[in-house]
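Peer 1:
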Amino acid sequence: MASTTCTRFTDEYQLYEELGKGAFSVVRRCMKISTGQEYAAKIINTKKLSARDHQKLEREARICRLLKHPNIVRLHESISEEGVHYLIFDLVTGGELFEDIVAREYYSEADASHCIQQILESVNHCHLNGIVHRDLKSLHSADP
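All the letters of the sequence shown, read from the start, carry residue numbers 62 to 205 under our numbering.
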């Protein structure tokens, strides 16, 4: 009889569809089984990471834990297992700001002002915590 091994992540979360993909990671919608709460799981294949990339991953998790702001996606949990690391974030469903900009014929001054204010407040919060984003673009912003 084959034995099944359950990891902490698969014991606690159910995975669903893919939301995005990067070079070493994939983001999938997930649900915490005990609460029914939905999140976004960034799943990183750590087998392919260099020592420097491992340090970047640890720094990303540390920074995400530090930043608590209404306009910054919150990291709820970080789970490291053999060959894979899971970062559990708020699930943001509004779509990407870039897609909204392209879809609209124009932005009213009030809408644009509100959007820019939220972005600048988030960046300011990062700076107050000694963090510089270094890759800020509309693809990394959710549609407000």
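The C-beta atom is built at its ideal place from N, Cα and C for all residues, glycine as well. Because the structure is a prediction, the values reported are computed rather than measured.
1) Buried or exposed: where does Leu197 fall if 16 or more other Cβ atoms within 10 Å of its Cβ makes it buried?
2) Spatial neighbours of Val145 within its chain, please: C-beta separation below 7 Å, excluding the five flanking residues on both sides.
3) How would you write the range of the alpha helix (DSSP H) that Asn185 sits in, first residue to last?
4) How big is the Cα-Cα spacing for Ala101 and Gln116?
5) Whole beta strand (DSSP E) runs in the stretch 134 to 171 with 3 or more residues, listed along the chain?
6) What would DSSP say about Gln116, mapped onto helix, strand or coil?
7) Between the beta-carbon of Arg69 and the beta-carbon of Ile149, is there less than 8 Å?
8) Would you call Tyr77 buried or exposed, if buried means 16 or more other Cβ atoms sit within 10 Å of its Cβ?
9) Indicate the three-state DSSP secondary structure (helix, strand or coil) for Lys93 in the structure shown.
10) Helix, strand or coil for Lys129? Go by DSSP, reduced to three states.
11) Please classify Glu79 as buried or exposed, where buried requires at least 16 neighbouring CB atoms within 10 angstroms.
12) In the DSSP assignment, the alpha helix (DSSP H) including Asp196 goes from what residue to what residue?
13) Closest to Arg123 by CA distance: which of Arg113, Ser111, Gln75, Leu136 is it?
Peer 2: Taking the definition as stated:
1) exposed
2) Ile104, Ile105, Asn106, Thr107
3) 170 to 189
4) 22 Å
5) 136 to 142, 145 to 151
6) helix
7) no
8) exposed
9) strand
10) coil
11) exposed
12) Where Asp196 is concerned, there is no enclosing alpha helix (DSSP H), given that its DSSP letter is neither H nor E.
13) Leu136
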